[in-house]
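A.B. asks: Can you read through this structure? Questions will come right after.
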Amino acid sequence: MNTYRKMKHKKYVITIIIILVLIIVYTGAYINALKRFKKPVIRYYTSDDWVEYGGVKYQVSAKMYSREELINKFDLTEYESVIDKNKVYIVVDKNAKRVAESTGNEHDELFFIISSKYWHVSVEPDIKELIQKENYIQESELQIGEETSGYRVYSVNKNSLTKKLWDDVWNTTAYYEMEDYYGSEYIRRIRVLN
Amino acid sequence: MKVFRMELKRSIYNIGMLVSIILGLACIFIKQYGVCSRIIESNKILRRIGGQSYTGMSNTPFITDWVVMMIEPGTIYLLYMFGLIVALPYGISYYRDKKIGLIKNICTRTNHSTYLRAKYFATFISGGIAIIIPLLADLLMAKLWSPRGFHGNYIKITGTVLSAATMWGKFTIDHYYIVAIVYILLWFIFGGVLATITLVVSSYTENVFTIQLMPFFVMLILFYFPSYMIDLNINKFLPSNFLSNREQSNPFYGMLASAILMVFTYSIYMRKEKKMDIL
Numbered sequence: 509m510n511t512y513r514k515m516k517h518k519k520y521v522i523t524i525i526i527i528l529v530l531i532i533v534y535t536g537a538y539i540n541a542l543k544r545f546k547k548p549v550i551r552y553y554t555s556d557d558w559v560e561y562g563g564v565k566y567q568v569s570a571k572m573y574s575r576e577e578l579i580n581k582f583d584l585t586e587y588e589s590v591i592d593k594n595k596v597y598i599v600v601d602k603n604a605k606r607v608a609e610s611t612g613n614e615h616d617e618l619f620f621i622i623s624s625k626y627w628h629v630s631v632e633p634d635i636k637e638l639i640q641k642e643n644y645i646q647e648s649e650l651q652i653g654e655e656t657s658g659y660r661v662y663s664v665n666k667n668s669l670t671k672k673l674w675d676d677v678w679n680t681t682a683y684y685e686m687e688d689y690y691g692s693e694y695i696r697r698i699r700v701l702n
Numbered sequence: 003m004k005v006f007r008m009e010l011k012r013s014i015y016n017i018g019m020l021v022s023i024i025l026g027l028a029c030i031f032i033k034q035y036g037v038c039s040r041i042i043e044s045n046k047i048l049r050r051i052g053g054q055s056y057t058g059m060s061n062t063p064f065i066t067d068w069v070v071m072m073i074e075p076g077t078i079y080l081l082y083m084f085g086l087i088v089a090l091p092y093g094i095s096y097y098r099d100k101k102i103g104l105i106k107n108i109c110t111r112t113n114h115s116t117y118l119r120a121k122y123f124a125t126f127i128s129g130g131i132a133i134i135i136p137l138l139a140d141l142l143m144a145k146l147w148s149p150r151g152f153h154g155n156y157i158k159i160t161g162t163v164l165s166a167a168t169m170w171g172k173f174t175i176d177h178y179y180i181v182a183i184v185y186i187l188l189w190f191i192f193g194g195v196l197a198t199i200t201l202v203v204s205s206y207t208e209n210v211f212t213i214q215l216m217p218f219f220v221m222l223i224l225f226y227f228p229s230y231m232i233d234l235n236i237n238k239f240l241p242s243n244f245l246s247n248r249e250q251s252n253p254f255y256g257m258l259a260s261a262i263l264m265v266f267t268y269s270i271y272m273r274k275e276k277k278m279d280i281l
């Protein structure tokens with residue numbers, strides 16, 4: 509009986525040690541993850557603000573269009589068949605001017621997206637090419653003092669939202685997010701819709 | 003109550019439970035290994051072209067990296083092994099008790115119905131525990147991928163599997179901790195109910211492999227069934243849909259399916275076995 513009690517006691521001790529080791533290892537891994545992944549610094553701006561990143565200042569505004577409004581506004585009648593009727597389109601008008609030399613390849617690492625709480629947003633590069641301004645230059649090619657202005661086009665699909673959220677899509681607040689693609693240490697949010 | 007405590011202890015402290023847990027954790031390991039090796043390969047290419055490597059960690063909510071949300075090879079293996087994992091701990095216990103005569107021993111000291119009920123619920127609980135342990139392990143690992151889950155006053159869902167296409171999807175975005183608890187509960191209940199299929203089978207056959215593997219084959223049929231019956235609107239009641247959070251999924255269909263299956267297995271098992279002459 510004594511031997512049985514000793515065995516049972518040993519089993520409990522081994523089980524507790526294993527559980528403690530797992531807890532310690534997990535806690536260590538979690539603390540390591542928190543240290544390696546810093547909490548991003550978020551700053552909010554409006555469409556009137558000039559926001560600087562990587563030597564370039566940006567001023568961003570946006571407007572939402574239905575399919576028909578987009579076709580009429582940008583004269584896309586001959587491309588009607590490729591413009592989805594189940595989407596709303598957000599055309600972002602981005603002004604940029606270089607104020608300092610770039611320190612590296614920041615523009616390759618910067619991620620621009622329209623975001624709002626429930627939206628899955630798609631980028632529309634084809635529509636962007638169709639409506640792009642004639643004198644647009646890529647921000648990475650700007651010289652100091654040089655300015656440019658261009659469009660970016662995003663869309664929100666009706667099928668990715670409930671009926672209530674879709675009915676409310678024109679009143680939804682949206683931000684133009686500029687986020688470091690690899691680090692996500694800095695997030696700049698420019699309120700562009702509502 | 004004493005019988006139930008005894009059955010529960012037997013169902014949890016056995017080699018079958020250990021094998022189940024190891025099998026479940028192996029599936030989770032395959033999933034995490036796949037994720038890590040993809041990041042390592044991507045970083046090798048990025049370094050070669052002069053880009054900056056990335057850690058794979060993100061600001062998206064942790065549940066998007068969880069096995070319930072993410073379709074990865076490890077997820078598929080876990081869903082395929084689901085039936086085996088829940089049946090291994092206590093699936094053949096009733097057949098074994100009958101074969102070695104333990105049932106006679108127990109039923110001289112307690113009511114036969116009490117013993118059957120205790121056996122049923124012990125099998126249910128052991129099956130549920132066996133399947134939620136790998137689920138919880140993956141949840142903890144998913145938290146490591148997104149240690150700071152959200153920023154600002156809302157989470158970013160673009161680039162995740164989350165979708166507000168349904169009311170449940172919207173609720174997932176708003177309250178993802180509650181959704182995680184709901185899915186853990188669902189996997190526990192469905193896993194437990196699936197394990198009780200072994201009791202029904204052991205009432206009709208004495209083949210150990212048939213008893214132990216029946217939940218595995220039931221899951222296989224339920225996975226391949228939808229591809230032959232796509233016109234019927236019953237997909238939402240099938241485990242491939244309600245066990246993972248797809249765009250049109252809703253776990254409450256899973257709860258309903260589990261409740262129906264539980265009534266089915268309990269009534270057949272109790273009715274068949276109560277009539278049996280054991281002494």
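In order, the protein sequences belong to chains A and B. Counting the first sequence from 1 gives a position; my numbering is that position plus 508. Counting the second sequence from 1 gives a position; my numbering is that position plus 2. All C-beta atoms, glycine included, are put in the ideal place defined by N, C-alpha and C. For clarity, every value in this text was computed on a predicted model and none was experimentally measured.
Tell me where the beta strand (DSSP E) around R696 of chain A begins and ends.
C.D. replies: 694-701 is the span of the beta strand (DSSP E), which, as asked, contains R696 of chain A.
A.B. asks: Kindly indicate if chain A contains any beta-carbon less than 8 Å away from that of W169 of chain B.
C.D. replies: Per the sequence shown, the amino acid found at residue 169 of chain B is Met instead of Trp. Chain A, which has a Cβ nearer than 8 Å to the Cβ of M169 of chain B, makes this yes.
A.B. asks: Name the residues in the stretch 204-232 of chain B whose C-beta lies less than 7 Å from a C-beta of chain A; which are they?
C.D. replies: Answer in chain order: no residues at all.
A.B. asks: Apart from the five residues just before and just after N594 of chain A, which ones in its own chain have a Cβ nearer than 7 Å to its Cβ?
C.D. replies: Cβ within range, chain order: N665, K666, N667.
A.B. asks: Strictly under 8 Å for the Cβ-Cβ distance: is L701 of chain A near chain E by that measure?
C.D. replies: Protein chains in the displayed structure are A and B, and chain E is not among them.
A.B. asks: Taking Cβ to Cβ, would you say I131 of chain B is nearer than 8 Å to I14 of chain B?
C.D. replies: In contact: I131 of chain B and I14 of chain B (Cβ atoms closer than 8 Å).
A.B. asks: Is there a Cβ of chain B sitting closer than 8 Å to that of H517 of chain A, yes or no?
C.D. replies: Not closer than 8 Å to any Cβ of chain B, the Cβ of H517 of chain A fails to qualify, so no.
A.B. asks: Measure the CB-CB distance between A197 of chain B and G129 of chain B and report whether it falls below 8 Å.
C.D. replies: Closer than 8 Å, so yes.
A.B. asks: Report the neighbours of K89 of chain B on chain A: residues whose CB is nearer than 7 Å to its CB, in chain order.
C.D. replies: It should be pointed out that residue 89 of chain B corresponds to Ala in this sequence rather than to Lys. Neighbours of A89 of chain B on chain A: none; closest Cβ ~25 Å, over 7 Å.
A.B. asks: Quick check: the Cα distance between Y512 of chain A and L90 of chain B, rounded to an integer number of angstroms?
C.D. replies: Their Cα atoms are separated by approximately 27 Å.
A.B. asks: Which residue or residues does DSSP assign as beta-bridge partners of M572 of chain A?
C.D. replies: Looking at the DSSP assignment, M572 of chain A forms a beta bridge with A:I598.
A.B. asks: Measure the Cβ-Cβ separation of G85 of chain B and F218 of chain B and say whether it is below 8 Å.
C.D. replies: Closer than 8 Å, so yes.
A.B. asks: So the alpha helix (DSSP H) N237 of chain B belongs to, where does it begin and stop?
C.D. replies: First-last for N237 of chain B: undefined, no H or E at that position.
A.B. asks: Using C-beta distances below 8 Å, list every residue in its chain close to T160 of chain B, excluding the 5 sequence neighbours before and after it, in chain order.
C.D. replies: So no residue of the chain qualifies.
A.B. asks: Within the 8 Å Cβ cut-off, does S663 of chain A reach chain B?
C.D. replies: It does not: the Cβ of S663 of chain A has no partner Cβ on chain B nearer than 8 Å.
A.B. asks: Between R513 of chain A and chain B, is there a C-beta pair that is closer than 8 Å?
C.D. replies: Cβ-Cβ to chain B under 8 Å: no for R513 of chain A.
A.B. asks: Let me make sure I understand the geometry here. Which of B:D176, B:F6, B:I183, B:Q34 has the alpha-carbon closest to that of Y626 of chain A?
C.D. replies: The shortest C-alpha separation from Y626 of chain A is found at B:D176.
A.B. asks: Could you name the residues of chain B that W627 of chain A contacts, counting a contact when the two beta carbons are closer than 9 Å?
C.D. replies: In chain order: I159, T160, A166.
A.B. asks: By Cβ distance, which residues of its chain are closer than 8 Å to E632 of chain A, with the 5 residues on each side in sequence left out?
C.D. replies: Y597, V661, Y662, S663.
A.B. asks: R12 of chain B and S361 of chain B - do their beta-carbons sit closer together than 8 Å?
C.D. replies: Missing from the structure shown is residue 361 of chain B; chain B here goes from 3 to 281 and no further.
A.B. asks: Give the range of the beta strand (DSSP E) segment to which V5 of chain B is assigned.
C.D. replies: It is not in any beta strand (DSSP E) - V5 of chain B instead sits in the alpha helix (DSSP H) that spans 4-14.
A.B. asks: Contact check, Y573 of chain A vs V599 of chain A under 8 Å by CB: the rounded distance?
C.D. replies: The Cβ separation is near 6 Å, so the contact holds.
A.B. asks: Applying a beta-carbon distance threshold of less than 9 Å, which residues of chain A neighbour L146 of chain B?
C.D. replies: Chain A residues near L146 of chain B: Y534, A537, Y538, N540, A541.
A.B. asks: Please list the terminal residues of the continuous beta strand (DSSP E) segment that includes G103 of chain B.
C.D. replies: From DSSP, G103 of chain B is part of no beta strand (DSSP E); its letter is neither H nor E.
A.B. asks: In three-state terms, what does DSSP make of K666 of chain A?
C.D. replies: In this structure, K666 of chain A counts as helix in the three-state DSSP scheme.
A.B. asks: Terminal residues of the continuous beta strand (DSSP E) containing S246 of chain B?
C.D. replies: Run containing S246 of chain B: none; DSSP gives neither H nor E here.
A.B. asks: How far does the beta strand (DSSP E) with I550 of chain A in it extend, from its first residue to its last?
C.D. replies: Note, I550 of chain A: beta strand (DSSP E), 549-554.
A.B. asks: Taking the alpha-carbon positions, what's the S624 of chain A to P136 of chain B distance?
C.D. replies: Between S624 of chain A and P136 of chain B, the C-alpha separation is close to 34 Å.
A.B. asks: Closer than 6 Å by C-beta to I645 of chain A: which residues in its own chain qualify, once you throw out the five before and the five after it? Chain order, please.
C.D. replies: So the qualifying residues of the chain are T656.
A.B. asks: If you run the structure through DSSP and keep just helix, strand and coil, what is M686 of chain A?
C.D. replies: Strand at M686 of chain A.
A.B. asks: At a Cβ cut of 7 Å, what residues of the stretch 672-689 of chain A count as close to chain B, listed as they run along the chain?
C.D. replies: Within the stretch 672-689 of chain A, the qualifying residues are L673.
A.B. asks: Taking only three categories from DSSP, how would you classify K565 of chain A?
C.D. replies: Of the three classes helix, strand and coil, the one that applies to K565 of chain A here is strand, per DSSP.
A.B. asks: What are the residues that DSSP puts in a beta bridge with V590 of chain A?
C.D. replies: Answer is none; V590 of chain A lacks a bridge partner.
A.B. asks: Flag L263 of chain B as yes if its beta-carbon sits less than 8 Å from any beta-carbon of chain A, otherwise no.
C.D. replies: It does not: the Cβ of L263 of chain B has no partner Cβ on chain A nearer than 8 Å.
A.B. asks: Would you report the Cα separation of A2 of chain B and L138 of chain B, rounded to the nearest angstrom?
C.D. replies: The structure shown does not extend to residue 2 of chain B, since chain B is modelled only from 3 through 281, so no value can be given for it.
A.B. asks: From this set, B:K121, B:I180, B:G256, which residue's C-alpha is nearest K276 of chain B's C-alpha?
C.D. replies: Answer by Cα proximity: B:K121.
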